[in-house]
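This note's numbering puts the first residue of the sequence shown at 12, with every later residue one more than the last.
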Amino acid sequence: MLIDKYDRVHDYLRISLTDHCNLRCFYCMPEEDYSFLPNQQLMQADEIIELAKIFVELGVKKIRLTGGEPLVRKEAAFIMDELGKLGVELTITTNGIRVHRFIENFKQAGIRSVNISLDTLQPEKFLLLTRRDHFKNVYDNIQLLLQDHFRVKVNVVVVKGVNDSEIIDFIEWTREAPVHIRFIEFMPFDGNRWNSDKLVTWQQMLSVISERYPIMPLENQPHDTCKKYEVPGHAGSFAVISTMSAPFCSGCNRIRLTADGKIKNCLFSENETDLLRLFRQGADIKEIIQRSIMEKHKELGGQFSNDFQHLDANHIHNRSMIAIGG
Ligand code: SAM
Ligand code: SF4
Numbered sequence: 012m013l014i015d016k017y018d019r020v021h022d023y024l025r026i027s028l029t030d031h032c033n034l035r036c037f038y039c040m041p042e043e044d045y046s047f048l049p050n051q052q053l054m055q056a057d058e059i060i061e062l063a064k065i066f067v068e069l070g071v072k073k074i075r076l077t078g079g080e081p082l083v084r085k086e087a088a089f090i091m092d093e094l095g096k097l098g099v100e101l102t103i104t105t106n107g108i109r110v111h112r113f114i115e116n117f118k119q120a121g122i123r124s125v126n127i128s129l130d131t132l133q134p135e136k137f138l139l140l141t142r143r144d145h146f147k148n149v150y151d152n153i154q155l156l157l158q159d160h161f162r163v164k165v166n167v168v169v170v171k172g173v174n175d176s177e178i179i180d181f182i183e184w185t186r187e188a189p190v191h192i193r194f195i196e197f198m199p200f201d202g203n204r205w206n207s208d209k210l211v212t213w214q215q216m217l218s219v220i221s222e223r224y225p226i227m228p229l230e231n232q233p234h235d236t237c238k239k240y241e242v243p244g245h246a247g248s249f250a251v252i253s254t255m256s257a258p259f260c261s262g263c264n265r266i267r268l269t270a271d272g273k274i275k276n277c278l279f280s281e282n283e284t285d286l287l288r289l290f291r292q293g294a295d296i297k298e299i300i301q302r303s304i305m306e307k308h309k310e311l312g313g314q315f316s317n318d319f320q321h322l323d324a325n326h327i328h329n330r331s332m333i334a335i336g337g
């Protein structure tokens with residue numbers, strides 16, 4: 012079992028398949044020239060599978076594939092297939108652009124729940140936010156997944172003055188469609204020009220929603236990072252993810268493996284463990300993983316607190332989100 016010094020059991024691994032992406036979301040990918048990792052620095056497909064097996068032996072029960080965009084990885088289908096054989100709950104977070112090509116692979120690998128990122132319901136704004144014109148493609152692929160009875164969670168990063176005016180439109184979407192919207196507080200990462208004025212807190216989101224709708228809290232699971240709600244009578248539901256204003260670190264069960272094979276024991280950790288290099292050298296990987304988890308900070312990578320109003324993002328040492336794997 013992977014336990015840290017605060018007795019948190021880590022059984023959920025998020026693997027980044029690549030730092031490449033077919034979108035350029037401003038909050039994720041630095042505006043300055045970003046150089047993607049060359050292929051030889053990435054974990055190779057067989058290495059991903061071998062490392063995942065070791066994590067499963069250490070007690071991991073759930074694996075999420077992410078990135079960058081996981082579905083631009085050439086071997087994505089093979090990797091899903093192989094991880095699907097490990098007896099874990101397998102899930103994926105994707106921008107949705109290539110989902111139509113992978114629905115059968117999802118089924119074969121046992122993926123039944125898919126998180127899709129979509130921050131606006133307006134095609135022109137989508138182009139502005141992502142610098143690519145793929146709104147219809149993403150929206151149609153969400154419909155495809157719903158028709159095929161996948162559980163679809165839609166990740167919406169809420170940024171003040173950018174898309175906070177659309178919160179109600181997203182809730183309206185849940186009226187007829189069984190989509191589960193997850194409003195995420197905007198987080199600071201390298202190069203994303205975060206400042207506290209752009210943050211819409213979960214209380215502010217809830218207050219906008221509750222002015223228009225009666226809302227009912229839903230039951231949360233022990234490791235949930237979100238607070239879930241429904242509007243009675245709506246086919247879908249919504250949730251708020253309060254990383255910045257009300258962190259949920261005390262129940263954290265997550266470990267991240269970047270596309271270049273580094274363990275990040277926290278989304279905000281500065282320190283990383285170069286697992287891939289050590290694996291290639293034939294080191295005792297289990298002990299290295301255990302040590303990395305033991306060194307995990309109590310909260311927010313030890314880099315800041317929930318006093319986000321006074322946070323200077325320039326003092327946080329981290330990668331950009333695209334290079335971590337969200
Ligand atoms: N490309 C895939 C996608 O967009 O879903 C997977 C990778 S993406 C890095 C994973 C998630 O991180 C997405 O839902 C994205 O919206 C979220 N994310 C990226 N940057 C963020 C930020 N600065 N604050 C909050 N969430 C962020
Ligand atoms: Fe790409 Fe996802 Fe980051 Fe957008 S959020 S740039 S789709 S990795």
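The beta carbon of each residue, even a glycine, is placed where N, CA and C say it ideally should be.
Measuring CA to CA, which of Cys277, Val190, Phe290 and Phe197 is closest to leucine 62?
-> Closest option to leucine 62, judged by alpha-carbon separation, among Cys277, Val190, Phe290 and Phe197: Phe290.
Check whether the Cβ of valine 168 sits closer than 7 Å to any heavy atom of the ligand SAM, and report yes or no.
-> At least one heavy atom of the ligand SAM is nearer than 7 Å to the Cβ of valine 168, so yes.
Compare the C-alpha of phenylalanine 137 against each of Leu24, Gly337 and Val173 and name the closest.
-> Measuring from the Cα of phenylalanine 137, the nearest candidate turns out to be Val173.
For glutamate 196, is the classification buried or exposed, using 16 other Cβ atoms within 10 angstroms of its Cβ as the cut-off for buried?
-> So glutamate 196 counts as buried.
Measure the C-alpha to C-alpha separation of leucine 13 and methionine 198 and round it to an integer number of angstroms.
-> Rounded to the nearest whole angstrom, the CA to CA distance from leucine 13 to methionine 198 is 27 Å.
Provide the residue span of the alpha helix (DSSP H) that contains valine 219, from first to last.
-> Valine 219: member of the alpha helix (DSSP H) spanning 213-223, first to last residue.
With C-beta atoms as the reference, is valine 99 less than 8 Å away from isoleucine 59?
-> Cβ atoms of valine 99 and isoleucine 59: not closer than 8 Å.
Unbroken beta strand (DSSP E) run spanning alanine 63, endpoints = First-last for alanine 63: 56-68, but that is the alpha helix (DSSP H), not the beta strand (DSSP E).
Figure out for me which residue from Ile304, Gly336 and Pro258 has the closest Cα to the Cα of valine 71.
-> Across the set Ile304, Gly336 and Pro258, the C-alpha of Ile304 shows the shortest separation from the C-alpha of valine 71.
Have a look at lysine 164 and glutamine 154 and give me their C-alpha separation to the nearest angstrom.
-> Looking at the two C-alpha atoms, the distance is approximately 12 Å.
Could you check where the alpha helix (DSSP H) with valine 149 kicks off and where it finishes?
-> 146-158 is the span of the alpha helix (DSSP H), which, as asked, contains valine 149.
By DSSP, does lysine 164 sit in helix, in strand, or in coil?
-> In this structure, lysine 164 counts as strand in the three-state DSSP scheme.
So, helix, strand or coil for aspartate 323, using DSSP?
-> Coil, per DSSP.
So does the stretch 89-104 actually touch the stretch 112-120, counting three or more Cβ pairs closer than 8 Å?
-> Yes, since at least three Cβ pairs between the stretch 89-104 and the stretch 112-120 fall closer than 8 Å, the two stretches touch.
So, helix, strand or coil for methionine 255, using DSSP?
-> Here methionine 255 sits in coil by DSSP.
Isoleucine 195, enclosing beta strand (DSSP E) - first and last residue = For isoleucine 195, the enclosing beta strand (DSSP E) has its first and last residue at 190-196.
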